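Contents: one structure, followed by commentary.
Number of protein chains: 2
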Amino acid sequence: MTAWCREALEALDRADPLARFRAAFQLREGLVYLDGNSLGALPRRTLARLEQTVAEEWGEGLITSWLGAEWMTAPRRVGDKIARLLGAEPGEVIVADSTSINVFKALTAALSLRPERSVILSEAGNFPTDLYMMQGIAAFSGGRVRAEAVPGEAVLDRLYEDVAVLLLTQVHYKTGRSRDMAEVTRRAHAAGALVVWDLSHSAGAIPVDLNGAVADFAVGCGYKFLNGGPGAPAYIFAARRHHAAVVPVLSGWFGHAEPFAFEDGYRAAEGIERFLCGTPPVLGLTALECGVDLMAEADMAEVRAKSLQLGCVFMDLMDAHCGGFGFTLVSPRDDARRGSHVSYAHPLGYGIMQALKERGVIGDFRDPDVLRFGLTPLTLRHVDMLEAVLTIREVCETRAWDDPRWAVRAAVT
Amino acid sequence: MTAWCREALEALDRADPLARFRAAFQLREGLVYLDGNSLGALPRRTLARLEQTVAEEWGEGLITSWLGAEWMTAPRRVGDKIARLLGAEPGEVIVADSTSINVFKALTAALSLRPERSVILSEAGNFPTDLYMMQGIAAFSGGRVRAEAVPGEAVLDRLYEDVAVLLLTQVHYKTGRSRDMAEVTRRAHAAGALVVWDLSHSAGAIPVDLNGAVADFAVGCGYKFLNGGPGAPAYIFAARRHHAAVVPVLSGWFGHAEPFAFEDGYRAAEGIERFLCGTPPVLGLTALECGVDLMAEADMAEVRAKSLQLGCVFMDLMDAHCGGFGFTLVSPRDDARRGSHVSYAHPLGYGIMQALKERGVIGDFRDPDVLRFGLTPLTLRHVDMLEAVLTIREVCETRAWDDPRWAVRAAVT
Chain U
1 MTAWCREALE ALDRADPLAR FRAAFQLREG LVYLDGNSLG ALPRRTLARL
51 EQTVAEEWGE GLITSWLGAE WMTAPRRVGD KIARLLGAEP GEVIVADSTS
101 INVFKALTAA LSLRPERSVI LSEAGNFPTD LYMMQGIAAF SGGRVRAEAV
151 PGEAVLDRLY EDVAVLLLTQ VHYKTGRSRD MAEVTRRAHA AGALVVWDLS
201 HSAGAIPVDL NGAVADFAVG CGYKFLNGGP GAPAYIFAAR RHHAAVVPVL
251 SGWFGHAEPF AFEDGYRAAE GIERFLCGTP PVLGLTALEC GVDLMAEADM
301 AEVRAKSLQL GCVFMDLMDA HCGGFGFTLV SPRDDARRGS HVSYAHPLGY
351 GIMQALKERG VIGDFRDPDV LRFGLTPLTL RHVDMLEAVL TIREVCETRA
401 WDDPRWAVRA AVT
Chain S
414 MTAWCREALE ALDRADPLAR FRAAFQLREG LVYLDGNSLG ALPRRTLARL
464 EQTVAEEWGE GLITSWLGAE WMTAPRRVGD KIARLLGAEP GEVIVADSTS
514 INVFKALTAA LSLRPERSVI LSEAGNFPTD LYMMQGIAAF SGGRVRAEAV
564 PGEAVLDRLY EDVAVLLLTQ VHYKTGRSRD MAEVTRRAHA AGALVVWDLS
614 HSAGAIPVDL NGAVADFAVG CGYKFLNGGP GAPAYIFAAR RHHAAVVPVL
664 SGWFGHAEPF AFEDGYRAAE GIERFLCGTP PVLGLTALEC GVDLMAEADM
714 AEVRAKSLQL GCVFMDLMDA HCGGFGFTLV SPRDDARRGS HVSYAHPLGY
764 GIMQALKERG VIGDFRDPDV LRFGLTPLTL RHVDMLEAVL TIREVCETRA
814 WDDPRWAVRA AVT
């Protein structure tokens, strides 16, 4: 354990190759924002770009902007940019809909490729929408498909020959635990199953190599580490080898081979475009592209190195300053098994987090008792870790968590 | 037929109770925009509101804006506002996803309420995404569900007892033909079927009375007459009597009874919220709300009266000025059977529309030969009808449609 002093942390910040990125975001002075894994901060460039899209492209160009401002091709263009962050090829990723809807697309695609198998397998405690979408498919299938969630450590042992598709999140939303994508995919393939990876806490946070892992399908969210804005559109990856065989269940007109031929019969588009469904959300795509462009300027190896260091510093400081306050580390200490957030359990976690937010240290709380601290290397400094931990200490020492305003938990935490 | 002179049209504009709305939109001088039924014009208030959402709510409020800026409740809040335009109650409409995805939700909901029936019925030539979504459901059902599209005039005669749900567009996207919602719904119910209405060309264009018609489900688009911006989120209506019985197939976390309880098992939210799926698209919702608020200021009876008058004027002027050029009216001349756009077929339609666009008269073209002119009462003047028709005459007289640039049709028309 290192008792990091402020001077040492300031030295790390001076040497930080990613330090310049902080100025590219709007972040008010004094704020320690540790929730970029839930909603990424606002890139400064986004506002001007959106103004252009609204006032010029929509306001002046009107309908002609579908071609003139390249709205039509934005889902593919932004998808190709995201692909570079994920170890995928151009034409294997497209931006569309929400993560939930894309989970549905990926799972039904995988099921169609394993028609003789019936089980969608996941882990209990996976991000809820992943589990819920599985359950919805199973219910609609009328008995043909079963959704099964087993404890995380038992998932690979449950890969019997009835498993059509394994749905896993690479970095767990609550614990921050990271899975070995290549090894899990290899095991699933050996058992004859396909894999759908949820990359919501991976993209822009850790290096991802979908094709290196021979991945089948993946989905992810645009509003976390990609800084695409609240409710940003999501993305879906499908390995090129699967494109031709998959006929989408959500067969909307933008996934048609010729949307503007207005034919009565669905014919899927050639490639990744068949995973589009409805009309693309242009405003959301515009903001997302700004976030993705900014992320693409960063070296992912440097992002990963800083993310891990921020995590180590934070955990060391928690040990040094908050050791006696009853926090239990939930995230893996081992760098190889940790994503880009660090979580602690504490029985008074809800009140502690509310008190932290009042003091300008913003993380989030996840039922029943988890405090989650997101570590976004583009916006955070090493000294921010010290500010955060000293504030946690102050909250505990002064019992600031004990406030009648927080006796009842808000519905949104 | 009246040969409307400019003075008469100017007099109509002076007496127009909706005239003041034009200034609320950004529309460049000299433009005659007849495509508001494809992409509505930009309300001037939208830009400032979006800037606030981005710079203040996202940039400063960050994650706390889900509650602090009421992002969480925006789908319901905007849905309630749309409900007032549709003859629905608060809590019966919610904003979510795309029209295509909502068609899927509404159809699967209706199917679950008629488990002993197997057919989704629609009309051939319906808006393609409606047909495609039906086909996707049928393919995924493994034979349990069949998708059937029959000629429009034969739909009501095809209501055998195997029909679970009838999917129709109230105002046809190509012809502008309007259906009698109450009568069709009554016939379907008498045959034991439910109805899903696509209101994409209805909402904000004609008076809609969903509950007066005892409608079951409806969907619609935010970017046409509601002026919500390119790719705006869509909405879904479900009659309150159906809420409790419908368990969503697209069972995403925002449709859960307690999304932030992070439970492993899906429990549908109490009311219309169960038709939510993924995280709401905040930027799109913000722009949509501006458009809906503006529309809500208008009296729908006045909107309808002006829409019909604009249509009559346009058709009269086409008869008077373009009678010899080979146009065939596609839309019903009868007011009671026409929505808020007027369409003509012409074998040279594609080139004619391109030439019109170059001259600042913007309508659109729909394969194989239909020129479509959208009549949006909040932005258009009666004199604009004359400008448009005189430009059409000039294009025909000068054979401006005959241009090598338009020899090959663009993929997007």
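Order-wise, the sequence lines are chains U and S. Taking this note's numbering, the leading residue of the first sequence gets 1, the next gets one more, and so forth. Taking this note's numbering, the leading residue of the second sequence gets 414, the next gets one more, and so forth. Think of the CB as a built atom: it goes at the ideal place given N, C-alpha and C, for glycine as much as any other residue. None of these values were measured; they are calculated from a predicted model.
Given a threshold of 16 other Cβ atoms within 10 Å of its Cβ, counted over all protein chains shown, does residue i qualify as buried or as exposed?
| i | result |
| --- | --- |
| R240/U | exposed |
| D403/U | exposed |
| C703/S | buried |
| P781/S | exposed |
| V54/U | buried |
| R433/S | exposed |
| G68/U | exposed |
| G697/S | buried |
| T811/S | exposed |
| V821/S | exposed |
| T169/U | buried |
| P207/U | exposed |
| D448/S | buried |
| C690/S | buried |
| R6/U | exposed |
| G363/U | buried |
For the alpha helix (DSSP H) that contains residue i, what are its first and last residues?
| i | result |
| --- | --- |
| F262/U | Here F262/U belongs to no alpha helix (DSSP H), and DSSP marks it neither H nor E. |
| R806/S | 795–810 |
| F553/S | 541–553 |
| L445/U | For residue 445/U there is no data in the structure shown, the boundaries of chain U being 1 and 413. |
| R6/U | 6–14 |
| A480/U | With chain U covering only 1 through 413, there is no way to say anything about residue 480/U. |
Closest to residue i by C-alpha separation, out of the options, would be which residue?
| i | options | result |
| --- | --- | --- |
| V32/U | A424/S, G449/S, Q465/S, L475/S | L475/S |
| G143/U | L348/U, S200/U, I120/U, L85/U | I120/U |
| G252/U | P541/S, L730/S, S554/S, G605/S | P541/S |
| W71/U | P332/U, I352/U, P280/U, G192/U | P280/U |
| E297/U | E57/U, K81/U, E56/U | K81/U |
| L371/U | R381/U, T379/U, I392/U | I392/U |
| V342/U | F314/U, A74/U, F217/U | F314/U |
| N450/S | E676/S, K587/S, A416/S, T741/S | K587/S |
| E502/S | M731/S, V627/S, R530/S, L452/S | V627/S |
| C221/U | A336/U, V389/U, S100/U, F254/U | S100/U |
| R114/U | G176/U, D162/U, G374/U, V155/U | D162/U |
| V152/U | N126/U, V165/U, I352/U, A203/U | Before going further, note that residue 152/U is Gly rather than Val in the sequence given. Here the closest residue by C-alpha is N126/U. |
| A758/S | V774/S, G605/S, G739/S | G739/S |
| V78/U | G87/U, G91/U, W66/U | G91/U |
| A601/S | R592/S, S591/S, L579/S | L579/S |
| A522/S | S118/U, A139/U, I94/U, V103/U | A139/U |
Just reading off the beta strand (DSSP E) that residue i is part of, what are its end residues?
| i | result |
| --- | --- |
| A305/U | Not the beta strand (DSSP E): A305/U falls in the alpha helix (DSSP H), residues 300–322. |
| D611/S | 607–611 |
| T108/U | First-last for T108/U: 99–113, but that is the alpha helix (DSSP H), not the beta strand (DSSP E). |
| V576/S | 576–582 |
| V155/U | Looking at the DSSP string, V155/U is not in any beta strand (DSSP E), and its letter there is neither H nor E. |
| E123/U | 119–123 |
| A562/S | 559–563 |
By the 8 Å beta-carbon criterion, what residues does the region 501–513 of chain S contribute toward chain U?
D510, S511, T512, S513
Which residues, in chain order, does the region 702–723 of chain S contribute to contact with chain U at a C-beta distance below 8 Å?
none
My parser needs the alpha helix (DSSP H) runs of 4 or more residues fully inside the region 460–509 of chain S; what are they?
478–481, 487–499
Under 8 Å (Cβ pairs) to chain S, residues found in the region 269–286 of chain U
C277, G278, T279, P280, P281, V282, L283, G284, L285
Counting only runs of 3+ residues fully inside the region 194–247 of chain U, write out the beta strand (DSSP E) ranges in chain order.
194–198, 217–220, 235–238
Tell me which residues of the region 525–545 of chain S have at least one Cβ-Cβ distance to chain U shorter than 7 Å, keeping chain order.
A537, G538, P541, T542, L544, Y545
What residues in the region 50–61 of chain U have a beta carbon less than 9 Å from any beta carbon of chain S?
L50, E51, T53, V54, A55, E57, W58, G59, E60
Taking a Cβ distance cut-off of 9 Å, strictly less, list which residues of the region 141–171 of chain U are near chain S, in chain order.
S141, G142, R144, A149
Name the residues in the region 634–654 of chain S whose C-beta lies less than 9 Å from a C-beta of chain U; which are they?
C634, Y636, G642, P643, G644, A645, P646, A647
3-residue-minimum beta strand (DSSP E) runs that sit fully inside the region 748–799 of chain S, ordered along the chain
754–758, 777–779, 783–787
Give the residues from the region 773–785 of chain S that approach chain U closer than 7 Å (Cβ to any Cβ), ordered along the chain.
I775, D777, R779, D780
Contacting positions in the region 436–448 of chain S - beta carbon closer than 7 Å to chain U:
Q439, R441, Y446, D448
In chain order, what residues of the region 473–487 of chain S put their CB closer than 8 Å to some CB of chain U?
E473, L475, I476, T477, S478, W479, L480, W484, M485
Residues, ordered as in the chain, of the region 664–677 of chain S that lie near chain U by beta-carbon distance below 9 Å:
S664, G665, W666, F667, G668, H669, E671, P672, F673, A674, F675, E676, D677
May I ask you to list, following chain order, the residues of the region 592–613 of chain S that have a beta carbon less than 7 Å from some beta carbon of chain U?
none
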